[in-house]
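In our numbering, the protein residues as written are 536 to 909. C-beta atoms are modelled at their ideal positions from N, C-alpha and C, and glycine is treated no differently. See structure below.
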């Protein structure tokens, strides 16, 4: 029965992929659908549309058909462009359709973008020109001059498919919202940390201690990588944390004291979602965290009263920290834009850390973090 279900699943998957990958091509008079068109990469796709039919291959030049689609997301149209001052018809890849359509062309020497506002006139967006290394930004400013909402975003656009496409998409909708880009910066804050999970630790008396929170400053670096074209990003941090703990407890006329120092380098890796709200941007994030306790030490004292005398014993050989800790992290905050690139943020976050073994303590942490990106 298991083999039958597995075989049925793979047959269904094969059939689904086969039908979903079928393409089409069209000329002035007809359109053929359900054909198998080869995807040979941007350079070859711009020259020839190659159709596979069992053992035969049929090829069409951009002078024979007006467009073809390898899939729903990969479409080419035939257009006349100038290459080395010579007018030539090629297939341009359609990156975005709308009020303004964005195309991409690639040959053996370079890649470039084209824009059309009226489906007839093509405007090239070359990377360099007029002695400017980022001439494409000047062209984009001219093209989008009727929508000031995207003027600042042009400063952040890189000469690649994702960011140029994202800009034109926002221009088509004339949206005033923050443009995603790679960020790095410095952070600082205040961290309250409390030793946790004592019931999982040997010796048993550690669960009798009255654990208190200890606060200290943190500082470090961060990087934020956008996931285009969404509002999500991957957020990395690397920061230093230092705490001193002094815990006491009693059980059956015995008194326990724990003193501990914990110095750590911590690295959260978070998935962040930003809400588009103009210059003030709320966000939430969640993910995992790893801590390296590069310096940790503790001393445990046992005090007892015998014959009206207080006896104090140092319990040796007990380490309550592991070298590494792992856990999860989550929080939310707001980001305030200073200009098109720089922004300040303020966030409240909670971390839950576990020891590497059952015989080591973890940490519950509450952080108030602020920082600035460059």
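Under the three-state DSSP convention, the category residue i falls into
i: residue 697; result: helix
i: residue 655; result: coil
i: residue 559; result: strand
i: residue 716; result: coil
i: residue 761; result: strand
i: residue 477; result: This structure leaves residue 477 out entirely; the chain is present only between 536 and 909.
i: residue 746; result: coil
i: residue 588; result: strand
i: residue 573; result: coil
i: residue 704; result: helix
i: residue 754; result: strand
N-terminal and C-terminal residue of the alpha helix (DSSP H) that residue i is part of
i: residue 676; result: 670-678
i: residue 605; result: Unbroken run through residue 605 is the beta strand (DSSP E), 602-606; no alpha helix (DSSP H).
i: residue 577; result: 577-580
Expected contact under 8 Å - CB spacing of residue i and residue j to nearest Å
i: residue 728; j: residue 900; result: 5 Å
i: residue 891; j: residue 857; result: 4 Å
i: residue 631; j: residue 622; result: That belief does not hold up - the Cβ atoms of residue 631 and residue 622 are roughly 25 Å apart, past 8 Å.
i: residue 867; j: residue 816; result: 11 Å between Cβ atoms; not a contact.
i: residue 875; j: residue 687; result: 4 Å
i: residue 671; j: residue 694; result: 6 Å
i: residue 836; j: residue 784; result: Going by Cβ atoms, the distance from residue 836 to residue 784 rounds to 11 Å, so no, they are not a contact pair.
i: residue 581; j: residue 645; result: Residue 581 to residue 645, Cβ: 12 Å. No contact.
i: residue 761; j: residue 810; result: Contact doesn't hold; Cβ gap of about 14 Å is too wide.
i: residue 807; j: residue 759; result: 7 Å
i: residue 898; j: residue 883; result: At roughly 17 Å, the Cβ-Cβ gap does not stay under 8 Å, so residue 898 and residue 883 are not in contact.
i: residue 873; j: residue 881; result: Between residue 881 and residue 873 the Cβ distance is about 13 Å, and since that is not below 8 Å, they are no contact.
i: residue 821; j: residue 755; result: Residue 821 to residue 755, Cβ: 19 Å. No contact.
Extent of the continuous beta strand (DSSP E) run through residue i
i: residue 864; result: 859-872
i: residue 839; result: 815-841
i: residue 802; result: 789-809
i: residue 682; result: Neither: residue 682 is in no beta strand (DSSP E) and is coded neither H nor E.
i: residue 852; result: Counting along the chain, residue 852 falls outside any beta strand (DSSP E), and DSSP gives it neither H nor E.
i: residue 771; result: 767-786
i: residue 628; result: 621-631
i: residue 894; result: Note, residue 894: premise wrong, no beta strand (DSSP E); not H, not E.
i: residue 638; result: 636-641
Exposed unless 16 or more other CB atoms sit within 10 angstroms - verdict on residue i
i: residue 548; result: Since pLDDT at residue 548 reaches only 49, below the 50 mark, its modelled position is unreliable, and no value is offered.
i: residue 708; result: exposed
i: residue 750; result: exposed
i: residue 592; result: exposed
i: residue 803; result: buried
i: residue 604; result: buried
i: residue 600; result: buried
i: residue 871; result: exposed
i: residue 860; result: buried
i: residue 847; result: exposed
i: residue 703; result: buried
i: residue 714; result: buried
i: residue 747; result: exposed
i: residue 850; result: exposed
i: residue 757; result: buried
Which residues DSSP lists as bridging residue i, in chain order
i: residue 906; result: 722 and 880
i: residue 709; result: BP columns for residue 709 are empty, so no partner.
i: residue 660; result: 648
i: residue 609; result: 606
i: residue 688; result: Partner(s): none; residue 688 has no beta bridge.
i: residue 741; result: Answer is none; residue 741 lacks a bridge partner.
i: residue 910; result: What the structure shows of the chain is the stretch from 536 to 909, and residue 910 is not part of that stretch, so it cannot be assessed.
i: residue 665; result: Bridge partners of residue 665: none, in fact.
i: residue 887; result: 863 and 899
i: residue 728; result: 749 and 900
i: residue 594; result: 585
i: residue 812; result: Note: residue 812 sits in no beta bridge, so no partner.
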